[in-house]
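Student:
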Amino acid sequence: MSDTQPIVHVVGLGPGHFDGLPVGSLRWLQSGLPVILRTVRHPVVERLAALGVRFTSFDALYETRASFEQLYADMAAALVAAAKAHGEVVYAVPGHPLMAERSVQILLAHQPEVAVDIGPGQSFLDAVCAALKLDPITGLVILDGTALAPEQLQVRQHLLIAQVFDRSVASEVKLTLMEVYPDEAEVDVVRAAGVPGLERIARVPLYELDRLDWVDHLTTVHVPPAEDERTLRRDPWTVVDVVRRLRAPDGCPWDRKQTHQSLRPFVIEEAYEVADAIDRDNPDALAGELGDLLLQVLLHAQIAAETGDFTIRDVWERLADKLIRRHPHVFGDKRAHTPEEVEGIWQSVKAAERAGSADDGPDARTDDLFADVRWGRPAFQVALALQRRAAELGLDWPDIAGVFAKVGEELAELRAVWDEAGTADARVAEELADLLFSAVNLARWLQLDPEAALAAGNRKFAQRVQAMAARAAAQGRRLGDLSAQELDELWSATKRHKKSASGRP
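For any residue, its number in the working numbering is found by taking its place in the sequence shown, counting from 1, and adding 372.
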């Protein structure tokens with residue numbers, strides 16, 4: 373530490389009682405150096421004044437700053453300026469200098485512009501844990517009430533939420549906790565722990581947290597580990613543990629026998645179930661189907677963890693890496709203002725990924741014209757991607773008339789092979805594939821998604837058959853009792869009724 377370098381000596385005032393003020397802190401406060409308090413709202417300050425300690429404080433800043441982060445940044449800047457002006461200053465904060473003191477952390481970032489000497493202190497933690505008879509070794513998470521976020525909340529641990537300065541902060545803390553915990557969950561509110569005459573502890577339902585009129589700058593909120601099943605099951609790690617348990621030696625025989633390959637059909641099936649819930653515009657069903665799809669992710673991750681290939685954390689990491697890498701306009705210095713600009717950035721990043729990849733799969737070739745086609749999709753979607761790529765290469769019809777003609781040609785060829793060989797012949801499947809491929813090409817020209825169009829057609833067919841069955845039942849008959857001609861007539865009548873009801877010609 374240079375003799376000429378400005379110095380800020382940071383000391384702690386302890387949790388509140390004068391007996392908790394470290395002797396070393398008192399010596400610095402009585403050293404004759406300029407003393408700056410973060411706030412005079414601390415029980416020992418009155419005794420310091422009585423002992424003749426002269427000081428200034430940052431209390432005036434609390435009323436003029438829009439956010440706590442700006443407040444603490446301004447405090448640090450003011451301390452740097454004071455140290456440069458006086459050579460050395462003493463900065464006194466409640467508790468311990470390195471416990472829940474954001475202004476000190478920001479001040480430390482100013483090194484080596486100034487030297488920061490961290491002195492003694494006693495944090496609120498000892499006093500609060502003693503008041504609650506809480507042993508931190510059982511699992512304790514300490515959080516800042518002024519910057520609380522739902523993703524910080526670990527429901528299996530004790531939470532201590534510090535810096536609940538007033539009822540407005542208590543209200544924000546309550547609302548954040550309610551995103552995870554039930555409104556009736558009980559929490560402990562501790563004020564001035566360990567300070568005789570000021571200490572107060574109350575256990576209240578969460579919804580009453582901001583109704584206590586005695587919440588002040590010495591208040592900490594304790595949230596015990598959750599015990600109710602709903603809160604625990606809403607925690608994302610619970611379902612990870614459930615899947616691990618299903619795969620355990622004494623778990624479910626069906627889950628234990630599954631492999632990546634045996635689960636493959638279920639991944640596709642559940643993805644389609646998600647798409648169906650979207651098509652039906654059913655949020656409740658969508659939430660459930662997304663859970664089923666997530667189960668497939670968790671099962672594959674657990675199987676991989678058992679073989680040492682990867683874990684669920686590797687899945688999270690790779691997803692986060694990819695999202696950040698492919699969104700440089702959000703997480704980097706790129707700029708994009710339209711979806712088209714975003715698409716251009718996305719494609720350029722993907723191209724760079726392919727160029728830098730050492731293994732793009734067993735079929736990857738540097739000269740592959742379809743290297744950017746994702747094959748792991750429904751066949752209609754792959755066909756659409758292939759045709760779009762071919763069109764970029766100039767392999768396309770001059771107009772849609774040729775596409776219509778091609779569909780008719782493929783249908784005729786299919787019929788010819790069928791008439792000659794029958795369904796068992798491999799050529800029938802080949803001609804059917806050609807017909808479907810041409811139909812997808814027609815959908816592309818019509819600017820329609822063939823997968824979505826077929827899904828809509830499926831629903832229309834099911835609704836029409838249901839309507840036919842209802843018409844037949846009204847006549848006291850079943851569809852299976854009708855002749856082919858009667859079914860055809862009923863189909864036509866149902867179709868006409870549907871068009872009339874919709875107002876279509």
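All C-beta atoms in this analysis are idealised placements derived from N, C-alpha and C, irrespective of residue type, glycine included.
#1: Once you ignore the five residues that flank residue 789 on each side, which residues in its own chain have a CB closer than 6 angstroms to its CB?
#2: Please list, in chain order, all residues of the same chain as residue 536 whose beta carbon is under 7 angstroms from its beta carbon, the five residues on each side excluded.
#3: Straight-line CA distance for residue 524 to residue 604?
#4: Touching or not, the segment 559-577 and the segment 496-510, by the rule of three or more beta carbon pairs under 8 angstroms?
#5: Count the other C-beta atoms from every protein chain shown that fall within 10 angstroms of the C-beta of residue 813, then say buried if there are 16 or more, exposed otherwise.
#6: Could you give the uninterrupted runs of the beta strand (DSSP E) lying entirely in the segment 514-559, keeping only those of 3 residues or more?
#7: Which same chain residues end up closer than 6 angstroms to residue 865 when comparing Cβ atoms and leaving out the 5 residues on each side of it in sequence?
#8: Which word fits residue 472, buried or exposed, when buried means at least 16 other C-beta atoms lie within 10 angstroms of its C-beta?
#9: Using only alpha-carbon positions, find the residue among 553, 572, 539 and 613 that is nearest to residue 585.
#10: Just checking my contact of residue 635 with residue 671 at CB under 8 angstroms: how many whole Å lie between their CB atoms?
#11: For residue 741 and residue 627, I'd like the C-alpha separation in whole angstroms.
#12: Determine the contact status of residue 529 and residue 394, defining contact as a CB-CB distance below 8 angstroms.
#13: Mapping DSSP to helix, strand and coil, what is residue 381?
#14: How about residue 476 and residue 465: do their beta carbons lie closer than 8 angstroms?
#15: Does the pairing of the segment 611-627 with the segment 666-681 give three or more beta-carbon distances under 8 angstroms?
#16: Are the Cβ atoms of residue 407 and residue 491 separated by less than 8 angstroms?
#17: Within 7 angstroms: the Cβ of residue 717 and any heavy atom of the ligand SAM?
#18: Based on Cα-Cα distance, which residue from 612, 713 and 657 lies nearest to residue 683?
#19: Thinking just about the alpha-carbon of each residue, which of 695, 514 and 384 is nearest to the one in residue 704?
#20: For residue 702, count neighbouring Cβ atoms within 10 angstroms of its own Cβ and tell me buried if that reaches 16, exposed if not.
#21: Are there 16 or more other CB atoms within 10 angstroms of the CB of residue 764, so buried, or fewer, so exposed?
#22: Is residue 802 helix, strand or coil by DSSP?
#23: On the criterion of 16 or more Cβ atoms from any shown chain inside 10 Å, does residue 858 qualify as buried, or is it exposed?
#24: What number of angstroms, rounded off, separates the C-alpha of residue 633 from the C-alpha of residue 725?
#25: Tell me, please, whether the CB atom of residue 671 is closer than 8 angstroms to any CB atom in chain C?
#26: Using 8 angstroms for Cβ pairs, my map puts residue 862 next to residue 840. What's the rounded Cβ distance?
#27: From residue 456 to residue 713, what distance separates their C-alpha atoms?
#28: Within 10 Å of its beta-carbon, does residue 522 have 16 or more other beta-carbons around it, so buried, or fewer, so exposed?
#29: If I follow the unbroken beta strand (DSSP E) through residue 574, where does it start and stop?
#30: What does a CB cutoff of less than 7 angstroms around residue 758 pick up in its chain, not counting 5 residues either side in sequence?
#31: Can you name the residues that DSSP bridges to residue 467?
Tutor: Per the coordinate set shown:
#1: Within the sequence shown, numbered from 1, the residue matching residue 789 stands at position 417. The beta carbon of residue 789 sits closer than 6 angstroms to the beta carbons of 799, 800 and 803 from its chain, once the five residues preceding and following it are set aside; these are given in chain order.
#2: Working through the sequence shown from its first residue, we reach residue 536 at position 164. Excluding positions up to five away in sequence, the list reads 517, 542, 545, 587, 591, 592 and 593.
#3: What you label residue 524 is simply residue 152 of the sequence shown in a count that begins at 1. What you label residue 604 is simply residue 232 of the sequence shown in a count that begins at 1. For residue 524 and residue 604, the distance between alpha carbons rounds to 15 angstroms.
#4: Yes, they touch.
#5: By 1-based counting over the sequence shown, the position of residue 813 is 441. With 16 or more Cβ atoms within 10 Å of its Cβ, residue 813 is classed as buried.
#6: Unbroken beta strand (DSSP E) stretches of 3 residues or longer found wholly inside the segment 514-559: 530-534, given in chain order.
#7: Mapped onto the sequence shown, residue 865 falls at position 493. Answer for residue 865: no residue qualifies.
#8: The residue labelled residue 472 in the question sits at position 100 within the sequence shown. Counting every other CB atom within 10 Å of its CB across the protein chains shown gives residue 472 a total of 16 or more, marking it as buried.
#9: Counted from its first residue, the sequence shown places residue 585 at position 213. Selected option, being the one with the closest Cα: 539.
#10: Taking the first residue of the sequence shown as 1, we reach residue 635 at position 263. Taking the first residue of the sequence shown as 1, we reach residue 671 at position 299. Indeed they touch by this definition, with Cβ atoms about 6 angstroms apart.
#11: Reading the sequence shown from its first residue, position 369 is the one you call residue 741. Reading the sequence shown from its first residue, position 255 is the one you call residue 627. CA-CA distance, residue 741 to residue 627, rounds to 41 angstroms.
#12: Numbered from 1 along the sequence shown, position 157 holds the residue referred to as residue 529. Numbered from 1 along the sequence shown, position 22 holds the residue referred to as residue 394. In this structure, residue 394 does not lie closer than 8 angstroms to residue 529 by Cβ.
#13: Translated into positions along the sequence shown, residue 381 becomes position 9. Residue state, collapsed to three classes: strand.
#14: Within the sequence shown, numbered from 1, the residue matching residue 476 stands at position 104. Within the sequence shown, numbered from 1, the residue matching residue 465 stands at position 93. One thing to note: residue 476 has its Cβ within 8 angstroms of the Cβ of residue 465.
#15: Counting Cβ pairs under 8 angstroms, three or more are found: they touch.
#16: Counting from one through the sequence shown, the residue named residue 407 turns up at place 35. Counting from one through the sequence shown, the residue named residue 491 turns up at place 119. For residue 407 and residue 491, no; Cβs fall outside 8 angstroms.
#17: This structure lacks the ligand SAM; in fact it carries no ligand of any kind.
#18: For the purposes of this step, residue 683 is identified with residue 311 of the sequence shown, where counting begins at 1. It is 612 whose Cα lies nearest to the Cα of residue 683.
#19: To locate residue 704, count along the sequence shown from 1; it is residue 332. Nearest of 695, 514 and 384 to residue 704, Cα basis: 695.
#20: Locating residue 702 in the sequence shown gives position 330, counting from the first residue. It is exposed - the Cβ of residue 702 has fewer than 16 other Cβ atoms within 10 Å.
#21: For the purposes of this step, residue 764 is taken as residue 392 along the sequence shown, with counting starting at 1. Exposed: under 16 other Cβ atoms inside 10 Å.
#22: On the sequence shown, position 430 is the one that residue 802 refers to. Note: residue 802 maps to helix in three-state DSSP.
#23: As a working mapping, residue 858 is identified with position 486 in the sequence shown. Exposed.
#24: Locating residue 633 in the sequence shown gives position 261, counting from the first residue. Locating residue 725 in the sequence shown gives position 353, counting from the first residue. One C-alpha to the other measures close to 27 angstroms.
#25: Annotation note: the requested chain C is absent from the structure, which comprises a single protein chain.
#26: Position 490 of the sequence shown, counted from the first residue, corresponds to residue 862. Position 468 of the sequence shown, counted from the first residue, corresponds to residue 840. The beta-carbon separation of residue 862 and residue 840, rounded to 5 angstroms, stays under the 8 angstroms limit for a contact.
#27: Residue 456 sits at position 84 when you count from the first residue of the sequence shown. Residue 713 sits at position 341 when you count from the first residue of the sequence shown. Residue 713 has its alpha-carbon roughly 49 angstroms from the corresponding atom of residue 456.
#28: Counted from its first residue, the sequence shown places residue 522 at position 150. That one is exposed.
#29: What you label residue 574 is simply residue 202 of the sequence shown in a count that begins at 1. DSSP places residue 574 inside the beta strand (DSSP E), whose first and last residues are 572-577.
#30: The residue labelled residue 758 in the question sits at position 386 within the sequence shown. Closer than 7 angstroms at Cβ, skipping near neighbours: 742 and 745.
#31: Taking the first residue of the sequence shown as position 1, residue 467 is located at position 95. Within the DSSP bridge table, the entry for residue 467 names 386 as partners.
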